[in-house]
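A.B. asks: Mind looking over this structure? Questions follow.
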Amino acid sequence: MIEVEIKVQISDPTLIRKKFVEKQGSYKFSLIHEDTYFNMPKGLRDFKQTDEALRLRKSSRFTRNNRDKIQQLEYFYTYKGRKLDILTKTRNEIEIKLDNIEKMKEILDLLGFREVITIKKER
């Protein structure tokens, strides 16, 4: 799959919320993504240098009124290739769903992959 990511700056979030209500938009759910990035074993290629990414993602779905009650929990293993276009951050992306993220972490560790950083974001 080719991923195309475009980020835009919003100058007036209040206006966006107002238009959302005017168009009868409705809130469905929130997500927390906890992304752990890995690099190749030392001596092999460096993903930072080659503009690639290898990620394990824990995706927790919940409603904003009840953050403690997770409605859905999913795990993903993702490889992102080099950017094909800098403006839109277009790149090849391969992603699979996992049943057991801890076993995948163990496999990566045994193969010598190095955990680089974990980023947590709410969407």
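Numbering (UniProt numbering), first residue to last: 1 to 123.
Every residue, glycine too, gets a C-beta built ideally from N, C-alpha and C.
Just so it is clear, the structure is predicted and the values come from calculations on it, not from any experiment.
What residues are listed by DSSP as bridge partners for residue 30?
C.D. replies: Answer by DSSP bridge pairing, in chain order: 62.
A.B. asks: Would you mind reading off the limits of the alpha helix (DSSP H) that contains residue 22?
C.D. replies: Its alpha helix (DSSP H) spans residues 13-22.
A.B. asks: Which two residues bound the contiguous beta strand (DSSP E) that contains residue 111?
C.D. replies: No beta strand (DSSP E) holds residue 111; DSSP gives it neither H nor E.
A.B. asks: Alpha carbon to alpha carbon, how far is residue 83 from residue 43? Give it in angstroms, no decimals.
C.D. replies: So the alpha carbons of these two residues sit roughly 23 Å apart.
A.B. asks: In whole angstroms, what is the alpha-carbon distance linking residue 14 and residue 41?
C.D. replies: One C-alpha to the other measures close to 46 Å.
A.B. asks: Relative to the C-alpha of residue 85, which candidate in 51, 34, 57 has its C-alpha closest?
C.D. replies: It is 51.
A.B. asks: Use the C-beta contact count for residue 126: other C-beta atoms within 10 angstroms, 16 or more gives buried, fewer gives exposed.
C.D. replies: What the structure shows of the chain is the stretch from 1 to 123, and residue 126 is not part of that stretch, so it cannot be assessed.
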